[in-house]
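**Student:**
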Amino acid sequence: SAFNFGPNNEAKIFFDTSPTNALVISGSAANGGLTISGSSVNIGCFVGIGVGEGNVTHALTLPNSSDASGQAKANAFFTYSSKRYKKDVEPLESAIDTISKLQGVSYNWKDTGRKDYGFIAEEVGRIIPEIVEWSADPQYANTMDYTRIISFLVEAVKEQQKKIDLLAEKLDKLDI
134 SAFNFGPNNE
144 AKIFFDTSPT
154 NALVISGSAA
164 NGGLTISGSS
174 VNIGCFVGIG
184 VGEGNVTHAL
194 TLPNSSDASG
204 QAKANAFFTY
214 SSKRYKKDVE
224 PLESAIDTIS
234 KLQGVSYNWK
244 DTGRKDYGFI
254 AEEVGRIIPE
264 IVEWSADPQY
274 ANTMDYTRII
284 SFLVEAVKEQ
294 QKKIDLLAEK
304 LDKLDI
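In this note's numbering, the protein residues as written are 134 to 309.
1. Hey, out of G246, T190, D298, T212, whose CA is closest to A269's CA?
2. Candidates K234, F210, G165: which alpha carbon is nearest P140's?
3. Return yes when the Cβ of T245 is within less than 8 Å of the Cβ of D200, no when it is not.
4. Is it buried or exposed, G251, if we count other Cβ atoms within 10 angstroms and call 16 or more buried?
5. Let's test the definition: count the other Cβ atoms within 10 Å of the Cβ of G258 and tell me whether it reaches 16, buried, or not, exposed.
6. Write down the C-beta distance between I260 and K234 rounded to the nearest angstrom, noting that I regard them as a contact closer than 8 Å.
7. List the DSSP bridge partners of S161.
8. Which first and last residues belong to the alpha helix (DSSP H) in which G258 is found?
9. Which term fits V287, buried or exposed, when burial requires 16 or more other beta carbons within 10 angstroms of its beta carbon?
10. Please report the straight-line C-alpha distance between F211 and D308, rounded to a whole angstrom.
11. Give me the Cα-Cα distance between K206 and N275, rounded to the nearest whole angstrom.
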């Protein structure tokens, strides 16, 4: 049985035994949907937005779509990075070699035709496998963490700057 609310009893709370075995809170589709408010909302595990039951795979899962339903938007995204969370910290070596192996591409999304830019996750996974999440079929990747490439870019720029400084010093000695 359900607790029904609203002028037409279209909003409800009920326990769905099949197929999800989950508590369902359903707002009115015709009159504003569902609003949860308060000083905070605590969700104990994973959140799926616009994906079917059983398809929530991460803390936050959005549809695999290039339209707005598959996009997140915020003023900032923060990542835990304090040294207190890390061990066995080592500087990146040969970052410029790693970056040189990556191939940036332009492409069009199959679902919307929208032009975009990035990498092919399977190719990146052969070079930096730790930043790629692979599917059950090892031929295909699901996702990659683009932000993890930043540390390689920073170190590659620093390597290049050392070479530029050395060349500038050599040119100064030539006194041309």
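C-beta: ideal position from N, C-alpha, C; glycine also.
The structure presented is a predicted model; accordingly, all values stated were derived computationally and were not measured.
**Tutor:** Considering the structure as presented:
1. Nearest C-alpha to A269: T190.
2. Minimum Cα distance to P140 is reached at G165.
3. Cβ distance < 8 Å, so D200 and T245 count as in contact.
4. Under a 10 Å Cβ-count criterion, G251 is classified as exposed, with fewer than 16 other Cβ atoms of the shown protein chains found around its own Cβ.
5. Answer is buried; the Cβ neighbour count reaches 16.
6. With a Cβ gap of about 5 Å, I260 and K234 count as contacting.
7. The beta-bridge partner set that DSSP reports for S161 consists of G166.
8. G258 -> alpha helix (DSSP H) spans 254-260.
9. Here V287 is exposed, its C-beta having fewer than 16 other C-beta atoms within 10 Å.
10. Rounded to the nearest angstrom, the two C-alpha atoms are 48 Å apart.
11. Their backbone Cα atoms lie some 21 Å apart in a straight line.
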